[in-house]
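Chemist: Going from the sequence shown to the numbering used here is simple: count from 1 and add 464.
All C-beta atoms, glycine included, are put in the ideal place defined by N, C-alpha and C.
Quick caveat, the model's predicted, so the values are computed rather than measured.
The structure follows.
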Amino acid sequence: MAMDEILTGQSLPRRPHLVTPLPGPRAQELVQRDRAVTSPSYTRGYPLVVARGEGCSIQDVDGNVFLDFTAGIAVTATGHAHPQVVQAIQAQAAQLLHMSGTDFYYEPMVELAEQLAKLAPFPQGAKVFFSNSGAESNEGALKLARYATGRSQIVAFLGAFHGRTFGAMSLTGSKAVQRQGFGPLLSGITHIPYGTHASLDYLEFQLFKTVLPPEELAAVVVEPIQGEGGYLVPEDGFLARIREICTRHHCLMVVDEVQSGMGRTGKLFAVEHWNVMPDIITLAKGIASGLPLGAILARPELMTWPPGSHATTFGGNPVACAAANATLQLLTQGVIANATQMGELLQSGLSKLAHRYPQLSQPRGKGLMVAVDLLDESGAFNPSLRDRAIDEAFYHGLLLIGCGKSAIRFCPPLVVDAEQIQVALEILDTCFAKLLTTR
């Protein structure tokens, strides 16, 4: 299916159109109401109050239109309110909203599991467990790894983000605030630096010989491209070496594809870029184009836990599964290919900006999972400058979010087109010209 067919019917402007000072009066009112009643633990970088989304466009409650390069934190893979996804949701909602796949059967869940099992990069297909989120998927994968191996120890990575539930939070090594005050956390988890062969040398030649016997290791849990840690791409051979270590020591390679999966990097699963076959894959975010759904994919011989050992009331909800089935159809009919092409265009444009502005790093990433760092004049990470750049972009109608130490991440809907990439680059150039020095 051609991208122009996928993108037909958009009525919101396809580029920023600001009609009030930001934030507008209605947005200001709602922000104040929100602050009075919601948890202060939410992190809102700027006062965007969303009313409507369409494709790569977001309209706020005052009628301002923004170009969205966040996709709701890499969630709306097929764009906001894609007509085919909306149609699937409406049809399913009119027929059945909920009947709990823990205790009963329904076709949308079976169909989605069949599709994922067929697409999983395992030689004999996959068994699938459905959850509501990435954190739940990682929580379940942690349980499954311990159950399948009979071992307790887990290796995870500094900079990793796997979720905020207790097991997933224990795996997370991203920011201190995400763990501080919640201890004691789950025992048996060792964190090592991400992405380098030196780190794996430390694991093999130091930890395995001193405090972490490999015979007790259940799994290594890794993001193929680290998300919250900064959209970090590992060294060549890093993931293949983890695979070899896990095979040699009879432990499991668990790949967290919550942010990198579902076509975001130009492959359905990011790990496919390195031709590495894991044992377990966790999914969420882009799987259902905005509805809450997660999944654990495992080699069939691993997912043998008995009835009642792991379950969920809402995971695999029929409406969410219908949205995911429509999403997968779109992804495989041109959207993933578009992510590759638009990612190359985006990285090319960002590279040109980096040549112009020495405080901007060269871009990194794959597909539409791309980041650049903002640096001070000595070349050190400058998170405050990054935050100012994101704010400046907001006031020019471009929505961005940060990650890592001082990175701006670019994770637009995978249906973004060349014109919208160019508009985003022009806005960035305007913002950087105000904030950064030129060569």
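For HIS819, count the other beta carbons within 10 Å of its own beta carbon; 16 or more makes it buried, fewer makes it exposed. Which is it?
Modeler: exposed
Chemist: So if DSSP puts LYS591 in a beta bridge, which residue, or which two residues, is it bridged to?
Modeler: Answer is ALA762, bridged to LYS591.
Chemist: Let's see if you can read the secondary structure: which residues bound the beta strand (DSSP E) around LEU681?
Modeler: 681-686
Chemist: Take VAL799 as the anchor and find which of VAL686, ASP881, ILE891, VAL501 has the nearest alpha-carbon.
Modeler: It is ASP881.
Chemist: Just to confirm my understanding: we take GLU600, look at its own chain, exclude 5 residues before and 5 after, and list those with CB closer than 6 Å. What are they?
Modeler: GLY758
Chemist: Can you tell me whether SER505 is buried or exposed? The criterion is at least 16 other CB atoms within 10 Å of its CB, across all chains shown.
Modeler: SER505 comes out exposed.
Chemist: Alpha carbon to alpha carbon, how far is VAL525 from LEU486?
Modeler: 11 Å
Chemist: Which term fits ALA897, buried or exposed, when burial requires 16 or more other beta carbons within 10 angstroms of its beta carbon?
Modeler: exposed
Chemist: Using the rule of at least 16 other Cβ atoms within 10 Å of the residue's Cβ for burial, across every protein chain shown, is ALA853 buried or exposed?
Modeler: buried
Chemist: Take the Cβ of PRO742 as the centre, count every other Cβ of all protein chains shown within 10 Å, and call the residue buried at 16 or more, exposed below.
Modeler: buried
Chemist: What's the C-alpha gap between ASN739 and GLU890?
Modeler: 36 Å
Chemist: Given that a residue counts as buried once 16 or more other Cβ atoms are within 10 Å of its Cβ, and exposed if not, what is TYR569?
Modeler: Counting C-beta atoms within 10 angstroms of its own C-beta, TYR569 has fewer than 16 neighbours from the protein chains shown and is therefore classed as exposed.
Chemist: Consult DSSP for GLN670 and reduce its assignment to one of helix, strand or coil.
Modeler: helix
Chemist: Comparing C-alpha positions only, which one of TYR658, PHE630, THR502 sits nearest to LEU911?
Modeler: In this structure the chain extends from 465 to 903, so residue 911 is not present and cannot be described.
Chemist: So, helix, strand or coil for ALA584, using DSSP?
Modeler: If DSSP states are grouped into helix, strand and coil, ALA584 belongs with coil.
Chemist: Go ahead and label HIS860 buried or exposed: buried means 16 or more other beta carbons lie within 10 angstroms of its beta carbon, across all protein chains shown.
Modeler: The residue is buried, with at least 16 neighbouring Cβ atoms inside 10 Å.
Chemist: I'd like to know if the region 622-636 and the region 689-696 are in contact, where contact means that at least 3 CB-CB pairs between them fall below 8 Å.
Modeler: yes
Chemist: Kindly provide the ranges of any beta strand (DSSP E) runs that are 3 or more residues long and lie completely inside the region 795-844, ordered along the chain.
Modeler: Fully contained in the region 795-844 are the following beta strand (DSSP E) runs of length 3 or more, in chain order: 828-830, 833-837.
Chemist: With 16 as the cutoff for other CB atoms within 10 Å, does SER638 come out buried or exposed?
Modeler: By the 10 Å Cβ count, SER638 comes out buried.
Chemist: Any idea which residues DSSP pairs MET633 with across the strands?
Modeler: According to DSSP, which records beta bridges pairwise, MET633 is partnered with nothing at all.
Chemist: Could you name the residues that DSSP lists as bridge partners for ILE745?
Modeler: VAL719, LEU761
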